[in-house]
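Comments concern the structure below.
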Amino acid sequence: MSDEKKKNQKTTEEQDIDQVALEQEEIQEKKGEASSPEEELHRLKEDNAELKDKYLRLFAEFDNYKKRTIREKMEMMKNAAQDTMSELLPILDDFDRAKKNAEQEGSKEPFSEGVGLVYHKLYSTLNRLGLEPMETDGEPFDPELHEAITEIPAPSEKLKGRIIDTVEKGYQLNGKIIRHAKVVVGK
């Protein structure tokens, strides 16, 4: 039995020696990897150059993204104007026909009827596109919605601080004011 014990002990010692040898080899390899400061500096410079390249690529990509979105926004605005103009072209055609008929007939009554029809067609088209006139007469003056051109004495106590006359209509496009109403206010 003692021989067997010695054998086991020897095997354990051999394993320990092998383990120490492996650890020494790993240390030598690490020393080889860590090598000289010049090599470390070279490696750091390469890493820095790689990071700079990534930064420049991302910056260029973002710059291209901004340019592309601006271009798309401009294109969308052009298309919106084109759609609006396309909606208004039939009305322009009606005005041309009304003018031509007025010149040929010489009568003012059919011309005024034609202009009235064109006027209603224009307003219905603009209304369909989201344009709404603001109701102002008799309403209380609101500086958020109205622009006071002048103040005049109110004809009645009821009209003080209220709109007496509208000089120029105000309009909203899809709920947003695009032109304030120019009004005369009673004081």
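For this note's numbering, add 1 to where a residue sits in the sequence shown, where the first one is 1.
In this text, a Cβ means the ideal position worked out from N, Cα and C, and glycines have one as well.
Q. Would residue 142 be called buried (16 or more neighbouring beta carbons within 10 Å of its own) or exposed?
A. Here residue 142 is taken as the residue at index 141 of the sequence shown, counted from 1. It counts as buried.
Q. By Cβ distance below 6 Å, which residues in the same chain neighbour residue 155 in space, the five residues on each side in sequence not counted?
A. On the sequence shown, position 154 is the one that residue 155 refers to. Closer than 6 Å at Cβ, skipping near neighbours: 161 and 187.
Q) Would a C-beta distance cut-off of 8 Å place residue 103 and residue 137 closer than the cut-off? A) Taking the sequence shown and counting its residues from 1, the one referred to as residue 103 is at position 102. Taking the sequence shown and counting its residues from 1, the one referred to as residue 137 is at position 136. Cβ distance not < 8 Å, so residue 103 and residue 137 don't count as in contact.
Q. Span of the beta strand (DSSP E) holding residue 149?
A. By one-based count along the sequence shown, residue 149 stands at place 148. Run containing residue 149: 147 to 153, per the beta strand (DSSP E) assignment.
Q) When you compare only the Cα positions, how much space is there between residue 169 and residue 61? A) On the sequence shown, position 168 is the one that residue 169 refers to. On the sequence shown, position 60 is the one that residue 61 refers to. If you take the alpha carbons of residue 169 and residue 61, they lie about 50 Å apart.
Q. What residue does the beta strand (DSSP E) around residue 166 start on, and which one ends it?
A. Position 165 of the sequence shown holds residue 166. Counting along the chain, the beta strand (DSSP E) containing residue 166 begins and ends at 164 to 169.
Q. With DSSP run on the structure shown, which of helix, strand or coil describes residue 130?
A. Along the sequence shown, read from residue 1 onward, the residue named residue 130 stands at position 129. Here residue 130 sits in coil by DSSP.
Q | Contact between the region 90 to 99 and the region 118 to 127 (3+ Cβ pairs under 8 Å) | A | The region 90 to 99 makes contact with the region 118 to 127: 3 or more CB pairs, one atom from each, lie closer than 8 Å.
Q. What are the boundary residues of the beta strand (DSSP E) that includes residue 160?
A. The residue labelled residue 160 in the question sits at position 159 within the sequence shown. In the DSSP assignment, residue 160 falls outside any beta strand (DSSP E) and carries neither an H nor an E.
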